[in-house]
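>
Numbering (my numbering), first residue to last: 164 to 328.
1) Taking just the CA atoms, how far does residue 296 sit from residue 213?
2) Quick one, which of 283, 282, 262 and 230 has its alpha-carbon nearest residue 273's?
3) Output yes or no for whether 7 Å exceeds the beta carbon distance between residue 231 and residue 189.
4) Label residue 281 either buried or exposed according to how many other C-beta atoms from any shown protein chain fall within 10 Å of its C-beta, with 16 as the threshold for buried.
5) DSSP three-state label for residue 188, please.
6) How far does the beta strand (DSSP E) with residue 269 in it extend, from its first residue to its last?
7) Starting from the Cα of residue 200, find the closest Cα among 227, 223 and 217 and give me that residue.
8) Would a C-beta distance cut-off of 7 Å place residue 260 and residue 211 closer than the cut-off?
9) Classify residue 229 as helix, strand or coil using the three-state DSSP reduction.
10) In its own chain, which residues sit with a C-beta less than 6 Å from the C-beta of residue 207, not counting the 5 before and 5 after it?
11) If I follow the unbroken beta strand (DSSP E) through residue 202, where does it start and stop?
12) Just verifying my parser: in three-state terms, what is the DSSP assignment at residue 278?
13) Relative to the C-alpha of residue 202, which candidate in 187, 219, 239 and 186 has its C-alpha closest?
14) For residue 265 and residue 289, I'd like the C-alpha separation in whole angstroms.
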């Protein structure tokens, strides 16, 4: 079994190691990455919507992991729970690009992320999965998730009150 370690530069300017098993199937790799990161964006290269998505999350205080996939790999992403084969009679993509996963759940594309934010539920969901500080303290779930995945670095401290202002 061959394993390659790749350094991924995060939006925050820091970097972290990403382990890629070359014998691992695309579906298995994607599922593993989704389970290892509280907020992960899968995108095509040079996707302007991905930039907007990252900017929204960074503004709130979250620095997502971003993985660029080719078309074949994008088709391996699990679809959003509410995706339907057609939208207004027009076939829709089951795998939006970019696709964001929060706490292992596919939120969908940029439109779904913005809708979650405008409804006021995005910050609480990010706190729930441990991607955002609550009142200056990591939630218990966040600490457990970080210990389980061996994450040593903590996100920039930001209170929920200041995150939305």
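For glycine and all other residues, C-beta sits at the position ideal for the given N, C-alpha and C.
In terms of the structure at hand:
1) Rounded to the nearest angstrom, the two C-alpha atoms are 23 Å apart.
2) For the residues 283, 282, 262 and 230, the minimum Cα distance to residue 273 belongs to 262.
3) By the CB criterion at 7 Å, residue 231 and residue 189 fall outside the cutoff.
4) With a threshold of 16 other beta carbon atoms within 10 Å, residue 281 falls short and is exposed.
5) Looking at residue 188 - three-state DSSP - the assignment turns out to be coil, as it is neither helix nor strand.
6) Going by DSSP, residue 269 is part of the beta strand (DSSP E) stretching over 268 to 271.
7) Checking every option, the nearest Cα to that of residue 200 belongs to 227.
8) Contact annotation: residue 260 and residue 211 have beta-carbon atoms that are not nearer than 7 Å.
9) The answer is strand: DSSP assigns residue 229 an E or B state.
10) Exclusion of the five residues before and after residue 207 leaves 260 as the residues of its chain whose Cβ lies within less than 6 Å of its Cβ.
11) Start and end: 202 to 206.
12) DSSP places residue 278 in helix when its eight states are reduced to three.
13) Of the candidates 187, 219, 239 and 186, the residue whose Cα lies closest to the Cα of residue 202 is 219.
14) Residue 265 and residue 289: Cα-Cα distance of roughly 7 Å.
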